[in-house]
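Novice:
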Amino acid sequence: PLNGGIWNPGLWEINATTGSVTNIDIHTPSAFLVDAVPSPDGSQIIYSTSTGLGMGSDVWTMDVHGQHQTHLLQLAGNAQSIAGLFAWSPNGQTIAYERLADSPTPFLPASLWLMNRQGQAQHFLAQADGGHGFALVWSPDGQKVAFVARTNPSTSMADQSMQALKSAVEVVDISSQQVSTVASPAQTGVQINAAPTWNATSTQITFAAFNPLNPELGGTVHYWSVSAHPTETTPGVTQLSQPVTHVIAIS
Numbered sequence: 003p004l005n006g007g008i009w010n011p012g013l014w015e016i017n018a019t020t021g022s023v024t025n026i027d028i029h030t031p032s033a034f035l036v037d038a039v040p041s042p043d044g045s046q047i048i049y050s051t052s053t054g055l056g057m058g059s060d061v062w063t064m065d066v067h068g069q070h071q072t073h074l075l076q077l078a079g080n081a082q083s084i085a086g087l088f089a090w091s092p093n094g095q096t097i098a099y100e101r102l103a104d105s106p107t108p109f110l111p112a113s114l115w116l117m118n119r120q121g122q123a124q125h126f127l128a129q130a131d132g133g134h135g136f137a138l139v140w141s142p143d144g145q146k147v148a149f150v151a152r153t154n155p156s157t158s159m160a161d162q163s164m165q166a167l168k169s170a171v172e173v174v175d176i177s178s179q180q181v182s183t184v185a186s187p188a189q190t191g192v193q194i195n196a197a198p199t200w201n202a203t204s205t206q207i208t209f210a211a212f213n214p215l216n217p218e219l220g221g222t223v224h225y226w227s228v229s230a231h232p233t234e235t236t237p238g239v240t241q242l243s244q245p246v247t248h249v250i251a252i253s
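As structure tokens, then:
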């Protein structure tokens, strides 16, 4: 939030009823904060910090009052050592996250990882898009994670510019670790397929499909639905509504 018209970075809790804000102490300079996400029951926060380019990152948990801080993981500075985009499983026992490139190049590919809430049982799941902030989304039954993957990872221009990005929505089954592409540029006819959302029964995914958005003029976004059934090797996508125009950004 702003403090006297000056940007005041940090980790803040906002009261949805009153709009009041409370700073949560992360026990390190706020400029080091990378990402932070509360657990489903609201009792804990997982967050990551980095002291600078090439220094890797650390992953921590604490309670919602900033107390009982626990260091879970340290990633030394290397190709993919910035932890972020944390996503708690519905039961709060498992955490999916991305390891992003520790590099000044903004959009290098990332990797999708899984760990338990103690920071143990680390294992790699899949390659993922990096740098654009596309969220990891658990299915309501806690069996799968939907994510965005680059379909042109060898295109160097896409490492530098979102205008060159081509992406697909993919799903990884946690138990089998099988990865399936459920929506790609070949199916929708546009470059970027992103922002997946599950239905209540974990059988369908709604997602956004669009060509790169102009930051000043916006662009056109189409919303589609697709089956997430793992036995369908090429699931059919269905457009849900008329396109939305003049969209500036997709979260």
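By the count of this note's numbering, the sequence shown reaches residue 253 at its end, each step adding exactly one. Every residue gets a Cβ at the ideal spot worked out from N, C-alpha and C, and that includes glycine. All figures in this text were calculated on a predicted structure; none of them were measured in a lab.
1) Flag this pair as yes or no: are the beta carbons of Trp90 and Ser41 separated by less than 8 Å?
2) Starting from Met64, trace the beta strand (DSSP E) in both directions and tell me its first and last residue.
3) By Cβ distance below 8 Å, which residues in the same chain neighbour Asp65 in space, the five residues on each side in sequence not counted?
4) Let me know if Phe126 comes out buried or exposed under the rule of 16 or more other beta-carbons within 10 Å of its beta-carbon.
5) Would you mind stating whether Ala166 and Gly132 have Cβ atoms separated by less than 8 Å?
6) Select from Gln69, Asp43, Val249 and Ser52 the residue whose C-alpha is nearest the C-alpha of Asn80.
7) Tell me, please, which residues DSSP counts as bridged to Met117.
8) Can you give me the start and stop residues for the beta strand (DSSP E) that Ala166 sits inside?
9) Let me know the secondary structure DSSP gives Thr205 once reduced to three states.
10) So who's on the other strand from Phe212, going by DSSP bridges?
11) I'd like to know whether the C-beta atoms of Gln241 and Pro214 end up nearer to each other than 8 Å.
12) Can you give me the C-alpha to C-alpha distance between Gln162 and His134, rounded to a whole angstrom?
13) What distance in whole Å lies between the Cβ atoms of Ala197 and Ala188, which are believed to be in contact at a cut-off of 8 Å?
14) Of the residues Leu219, Val181, Gly220 and Phe149, which one's Cα is nearest the Cα of Asn195?
15) As a quick exercise: from Gly54, Ser105, Val139 and Gly58, pick the residue whose alpha carbon is nearest that of Val39.
16) Taking 8 Å as the threshold (C-beta atoms), are Phe109 and Met164 in contact?
17) If you drop the 5 nearest sequence neighbours on each side, which residues of the same chain put their C-beta closer than 8 Å to that of Gln206?
18) Between which two residues does the beta strand (DSSP E) harbouring His25 extend?
19) Who does Leu13 pair with in a DSSP beta bridge?
20) Report the partner residues of Ile48 according to the DSSP bridge assignment.
21) DSSP state of Gln189, grouped into three classes?
22) At what residues does the beta strand (DSSP E) containing Phe88 begin and finish?
23) Can you tell me where the beta strand (DSSP E) with Phe149 in it begins and where it stops?
24) Is Phe126 helix, strand or coil by DSSP?
25) Could you check the C-alpha separation between Gly68 and Glu100 for me, to the nearest Å?
26) How long is the line joining the alpha carbons of Phe34 and Pro142, rounded to whole angstroms?
Specialist: On the basis of the supplied data:
1) yes
2) Ser59 to Asp65
3) Ser45, Gln46 and Ile47
4) exposed
5) no
6) Ser52
7) Ile97
8) From DSSP, Ala166 is part of no beta strand (DSSP E); its letter is neither H nor E.
9) coil
10) Ile194 and Val223
11) no
12) 11 Å
13) Not really, about 19 Å apart at Cβ, beyond 8 Å.
14) Phe149
15) Val139
16) yes
17) Trp200, Ser227, Val228, Ser229 and Ala230
18) As written in the sequence, residue 25 is Asn, which differs from the His given in the question. Its beta strand (DSSP E) spans residues Val23 to Ile26.
19) Ile26
20) Val39 and Thr63
21) helix
22) Gln82 to Trp90
23) Lys146 to Arg152
24) strand
25) 24 Å
26) 32 Å
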